[in-house]
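Undergrad: Numbering (numbering that gives the first Met the number 0), first residue to last: 0 to 113. Every residue, glycine too, gets a C-beta built ideally from N, C-alpha and C.
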Amino acid sequence: MTNGDEPNIKESVEHALSEVENHPAEIKTAVAAGAAAGATAVSALGAAIPPPSPLTAGRLWMTLVLTLCVILVVDLLAIIYALVDKRDTDVLVGIFTTALSGLLGLFIRPPANG
């Protein structure tokens, strides 16, 4: 292991292949591919995006809530206009219910949490 606890891809593949020395070539190929994929995933985790600061999280939350509210208001006005103009409102109602359920889902506690 070159980087402390994180193995690099070459070391992972070599270690995995040493465990299956006496097996057929197909198994060696599968083991090498799995070891390479696992090492790649481990190294990708180290480069993850850090969580946002509380201020940024608050701004993102408000942006999401305000955007959903704007979508609800605009879509409600579009539904009223479509009804007055005697047009089909199926798509508009679908958009409205989706935005409303998304907004409600942000505030309602899941049943699994008791």
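Using the beta-carbon count (16 or more within 10 Å), is Ser-11 buried or exposed?
TA: Buried, by the Cβ-count rule.
Undergrad: Roughly how many angstroms lie between the CA atoms of Lys-51 and Ser-100, to the nearest whole one?
TA: A quick correction: the sequence has Pro, not Lys, at residue 51. If I take the Cα positions, the gap works out to 25 Å.
Undergrad: Under a three-way DSSP split, which group does Asn-88 fall into?
TA: Note that residue 88 is Thr in the sequence shown here, rather than Asn. Coil at Thr-88, not helix or strand.
Undergrad: Mapping the DSSP letters down to three states, classify Thr-1 as helix, strand or coil.
TA: Any reading at Thr-1 is ruled out, since the residue's pLDDT is 46, under 50, leaving its predicted position unreliable.
Undergrad: Taking Leu-75 as the reference, give the member of Gly-57, Thr-96 and Lys-85 with the closest Cα.
TA: Comparing Cα-Cα distances from Leu-75 to each of Gly-57, Thr-96 and Lys-85, the minimum goes to Thr-96.
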